[in-house]
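Asker:
Written as structure tokens, this is what we have:
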């Protein structure tokens, strides 16, 4: 890193403007003088800014010449040298221009390079973007995306899992990513930079490893936990299944649920937190190590199989506190001055016993934490009054972090009282969406907070980890420029945090704030955002509950006469494996490298292959495999108005699985049919029922980056109307079974009980809108996965679907408990019989045993047999034997039921 002296020693260079122009930047210039300056800068230094798609670095840009040994340039994944620079985001060009006009652009020599100002690859910075050298303001980032801007970690992990690369190669990619992320934040001027937010799979699983809480089935014999045990817990192996995976609060991220019992033997088994702190320190960057807090860890756990459900997980608090003390001691010895404990469960409705656990835990840690700065971080919602009181009374705590985007009500509690002398980490930059921050509004809020808690006691932060947003807007070279100017991805949010911190300290960058205000005004006034016809149609929906005219029992009877399905009908959830050639063909068609005719023929052959496989396996209700679809949300968004798409806006969902959420920027409508062509083609290939496959409105909403200028339910109603048009077109085309996936309905459930009913009302209503007009003989399916559904089972019933397929096997069949407790479900239901997120192939006997357990609580005439979820991420070598065993098990139970009559 550069010292303050390095920054003072830079020399300025003035250059004549060449004749070439740069269209991207000219759009951001405001007058001819600025045009000339931008042209001059970009013609001379364009390679340094890194706008091109071939720049495959994580932070910084390729430099065009080798440097003397011992310098401080860095290497990216392609092995190119680069100099750390600020990034050019949607507002930064205005800053460059303004600063240059005032004489503020400077060429920075690399260390060991006496002739820096004379080289064609000169690096430059604008002082107003660099936080006055490395004198960072009071700024903080809760966490950062792990996958890398081009999903480098995903590909490295999958290569390792496939046996194509070594553990050392995977660790090298991971180390390069961590280094790049830390340096990027340091270069941006962030003061409190997190470490230990990187993970090979999930931060809760990392904590399980740290505590040595490995379930006995993995045969761990102690010692430091390595990849073998770690990934077996996450993914399962050929012998044992994976641990349960469920949604992380109300996000699309998934965590691995710890399995705990009264006799679990905790031990310090992963030193990752300390190692990563030391790793950053060796780079010259002092970080804030982040740990999942001890109480939240236990509250996010579940009793292990065979343990009574009444077992109190919090009774284990005194067993895990000694491990936390060891970790804290090692971090202190390594030089850490701050430690961040993430305690997000504080935003939930906790009882007195649960709140007392926080008081007890941090009282026990008090002596270990003495002399350290301790931040307790909360996020995703406002903190309830009792939890706030408990939190602000905790021993040995220096600072409190609050989500002030989704938890604005916390401000009222802060106004009523905040501990004297403590720091408030104010999460005003949204970590869960991609819209540019309203800097003026955020600064006003920060100033008001400062007036309450005291001067220099406010630290500007993100609302939560940036894990839940896309990585870097710089990589979006093809995104519509107007829409792009409205956005900020993780890298840009880091810049926003620093800009707000500087402004709060009296060093406001007027140009940056002015450009931000202009972008916000552009979005507000843009005609592409509003469609009056769509708004009127959505408003008219509020007068009806949109229920089908006939009850589900009568509909199922009519459908059975038409479909003539056997008892325990078998089906799959929708997608089939997507291989490299298929992905290549989609890319080539999108890039206009192959004709539409060639593309259609290829997809047709793929569908035909999937149909034949299912017929050979003797599956009853078929799917076409979705080979034309890249993603279950993006595919539909690409065909709906009001959506925009990124090239590299990937967000981690779980493990190596990433999704690329669409951006809903305006009113939504369906210009033309989206799936009818492919579904009709697939149905023509077989006499068996072929499901039409759609994604439901609530899932499209919850798995997109949603506009924040109107209530979410209004956007959802607009999407519901578009899907309704598609459902009715499929029915007209002769498709008699239509699946409308609502995989994310539970995910959107608010974290506070008081807000649940309102959400469930409009979410369930949105689903019913999509299919309220179909005939009784048209069977409507829906699918849900990887959430706790028991607490919303009555809302699921109220959706009034004919058949629901739902994840069950990976969660230890806890879905079935709701039926054991007396809930009656009259529609068709298919609790998943095997986990598709593991490469393991379940034996026939295991599946048959699961079906038998289901029949103990469900009637045979409503039970379906299917996997937990779609098969897109699996290989055919895994799918074929697993489905063979599933069908064999269904037939075995059918025979048993027939002989029992």
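Numbering (this note's numbering), first residue to last: 2 to 902.
Think of the CB as a built atom: it goes at the ideal place given N, C-alpha and C, for glycine as much as any other residue.
Evaluate residue 165 with the Cβ neighbour count: other Cβ atoms within 10 Å of its Cβ, from every protein chain shown; 16 or more gives buried, anything less gives exposed.
Answerer: Residue mapping note: residue 165 aligns to position 164 of the chain shown, counting from 1. Result: exposed.
Asker: Just verifying my parser: in three-state terms, what is the DSSP assignment at residue 658?
Answerer: The residue labelled residue 658 in the question sits at position 657 within the chain shown. The answer is strand: DSSP assigns residue 658 an E or B state.
Asker: Which term fits residue 492, buried or exposed, when burial requires 16 or more other beta carbons within 10 angstroms of its beta carbon?
Answerer: One-based indexing of the chain shown puts residue 492 at position 491. Buried, since its Cβ has 16 or more Cβ neighbours within 10 Å.
Asker: So residue 320 and residue 267 are in contact, right, with Cβ under 8 Å, and what is the actual spacing, rounded?
Answerer: In the chain shown, residue 320 corresponds to position 319, counting from 1. In the chain shown, residue 267 corresponds to position 266, counting from 1. With a Cβ gap of about 5 Å, residue 320 and residue 267 count as contacting.
Asker: Could you compute how far the alpha carbon of residue 741 sits from the alpha carbon of residue 180?
Answerer: The count along the chain shown starts at 1 and reaches residue 741 at position 740. The count along the chain shown starts at 1 and reaches residue 180 at position 179. In a straight line, the C-alpha of residue 741 is about 43 Å away from that of residue 180.
Asker: Counting Cβ pairs closer than 8 Å, one from the region 646 to 653 and one from the region 625 to 632, do we hit at least three?
Answerer: no
Asker: Out of 555, 686, 653, which one is the CA nearest neighbour of residue 610?
Answerer: Residue 610 sits at position 609 when you count from the first residue of the chain shown. Of the candidates 555, 686, 653, the residue whose Cα lies closest to the Cα of residue 610 is 686.
Asker: Kindly provide the ranges of any beta strand (DSSP E) runs that are 3 or more residues long and lie completely inside the region 403 to 457, ordered along the chain.
Answerer: 424 to 430
Asker: Could you have a look at residue 231 and say whether DSSP puts it in helix, strand or coil?
Answerer: Position 230 of the chain shown holds residue 231. DSSP, reduced to helix, strand and coil, places residue 231 within a helical segment of the structure shown.
Asker: Indicate the three-state DSSP secondary structure (helix, strand or coil) for residue 828 in the structure shown.
Answerer: Looking up residue 828 in the chain shown gives position 827. Residue 828 falls in the coil class under three-state DSSP.
Asker: Would the region 529 to 536 and the region 449 to 468 be scored as touching if the rule is three or more Cβ pairs under 8 Å?
Answerer: no
Asker: Could you check which residue in 668, 667, 219, 652 has the C-alpha nearest to that of residue 661?
Answerer: As a first step, residue 661 is located in the chain shown; it is residue number 660 there, counting from the start. Cα-wise, what sits closest to residue 661 is 652.
Asker: Given a threshold of 16 other Cβ atoms within 10 Å of its Cβ, counted over all protein chains shown, does residue 187 qualify as buried or as exposed?
Answerer: If you number the chain shown from 1, residue 187 lands on position 186. Classification of residue 187: buried, given that the 10 Å Cβ count is 16 or more.
Asker: Which residues in the same chain have their Cβ closer than 6 Å to the Cβ of residue 819, if we skip the five residues on either side of it in sequence?
Answerer: For the purposes of this step, residue 819 is identified with residue 818 of the chain shown, where counting begins at 1. For residue 819, where only same-chain residues beyond five positions count, the Cβ hits under 6 Å are 791, 794.
Asker: Taking Cβ to Cβ, would you say residue 216 is nearer than 8 Å to residue 246?
Answerer: Numbered from 1 along the chain shown, position 215 holds the residue referred to as residue 216. Numbered from 1 along the chain shown, position 245 holds the residue referred to as residue 246. Contact: no.
Asker: On the three-state DSSP scale, how would you describe residue 684?
Answerer: What you label residue 684 is simply residue 683 of the chain shown in a count that begins at 1. Of the three classes helix, strand and coil, the one that applies to residue 684 here is helix, per DSSP.
Asker: Could you check which residue in 887, 258, 762 has the C-alpha nearest to that of residue 545?
Answerer: Counting from 1 along the chain shown, the entry for residue 545 is found at position 544. It is 762.
Asker: Check this for me: beta carbons of residue 563 and residue 778, under 8 Å apart or not?
Answerer: Position 562 of the chain shown, counted from the first residue, corresponds to residue 563. Position 777 of the chain shown, counted from the first residue, corresponds to residue 778. Yes, the pair counts as a contact, with Cβ atoms nearer than the cut-off.
Asker: Quick check: the Cα distance between residue 429 and residue 405, rounded to an integer number of angstroms?
Answerer: The sequence position of residue 429 within the chain shown is 428, counting from 1. The sequence position of residue 405 within the chain shown is 404, counting from 1. In a straight line, the C-alpha of residue 429 is about 5 Å away from that of residue 405.
Asker: Rounded to whole angstroms, what is the Cα-Cα separation between residue 901 and residue 876?
Answerer: One-based indexing of the chain shown puts residue 901 at position 900. One-based indexing of the chain shown puts residue 876 at position 875. When rounded, the distance between both Cα atoms is 38 Å.
Asker: Just tell me which of 856, 580, 576, 162 has its CA closest to the CA of residue 696.
Answerer: For the purposes of this step, residue 696 is taken as the residue at position 695 of the chain shown. With distances taken between Cα atoms, residue 696 lies closest to 576.
Asker: Going by Cα to Cα distance, which pick from 445, 852, 842 is closest to residue 238?
Answerer: Numbered from its first residue, the chain shown carries residue 238 at position 237. Among 445, 852, 842, the Cα nearest to that of residue 238 is on 842.
Asker: Where does residue 755 fall in DSSP's three states?
Answerer: Along the chain shown, read from residue 1 onward, the residue named residue 755 stands at position 754. Helix.
Asker: Go ahead and pull the three-state DSSP assignment for residue 692.
Answerer: If you number the chain shown from 1, residue 692 lands on position 691. It is a strand residue.
Asker: Whose C-alpha, out of 588, 832, 147, 191, is nearest the C-alpha of residue 502?
Answerer: Mapped onto the chain shown, residue 502 falls at position 501. When only C-alpha atoms are compared, the closest one is 191.
Asker: Residue 259: which of 281, 241, 314, 229 sits nearest, CA to CA?
Answerer: Indexing the chain shown from 1 puts residue 259 at position 258. It is 314 whose Cα lies nearest to the Cα of residue 259.
Asker: Opposite residue 742 in the DSSP bridges: which residues?
Answerer: Along the chain shown, read from residue 1 onward, the residue named residue 742 stands at position 741. Residue 742 is bridged to 696.
Asker: Count the CB pairs spanning the region 385 to 398 and the region 326 to 336 that are closer than 8 Å, and state whether there are at least three.
Answerer: no
Asker: Could you work out which residue in 568, 606, 567 is closest to residue 583 when comparing CA atoms only?
Answerer: Locating residue 583 in the chain shown gives position 582, where the first residue counts as 1. Ranking 568, 606, 567 by Cα distance to residue 583 puts 606 first.
Asker: From residue 775 to residue 854, what distance separates their C-alpha atoms?
Answerer: As a working note, residue 775 is residue 774 in the chain shown. As a working note, residue 854 is residue 853 in the chain shown. Their backbone Cα atoms lie some 34 Å apart in a straight line.
Asker: Just verifying my parser: in three-state terms, what is the DSSP assignment at residue 255?
Answerer: Stepping through the chain shown from its first residue, residue 255 is reached at position 254. Three-state DSSP puts residue 255 in a strand.
Asker: So within the region 612 to 675, which uninterrupted beta strand (DSSP E) runs reach at least 3 residues, ignoring any that extend past its ends?
Answerer: 642 to 645, 652 to 655, 658 to 660, 664 to 670
Asker: In terms of alpha-carbon separation, which member of 174, 883, 150, 151 lies closest to residue 161?
Answerer: Residue numbering aside, residue 161 sits at position 160 when the chain shown is read from its first letter. Residue 161 has its Cα closest to that of 174, out of 174, 883, 150, 151.
Asker: Indicate whether residue 274 and residue 225 have their beta-carbon atoms separated by less than 8 Å.
Answerer: By one-based count along the chain shown, residue 274 stands at place 273. By one-based count along the chain shown, residue 225 stands at place 224. No, these two residues do not count as a Cβ contact at 8 Å.
Asker: Kindly indicate which three-state DSSP category residue 482 falls into: helix, strand or coil?
Answerer: On the chain shown, residue 482 is found 481 positions in, with the first residue counted as 1. Reduced to three states, the DSSP call for residue 482 is helix.
Asker: Roughly how many angstroms separate the alpha carbons of residue 573 and residue 707, rounded to a whole number?
Answerer: Along the chain shown, one-based indexing puts residue 573 at 572. Along the chain shown, one-based indexing puts residue 707 at 706. Cα to Cα, residue 573 sits roughly 30 Å from residue 707.
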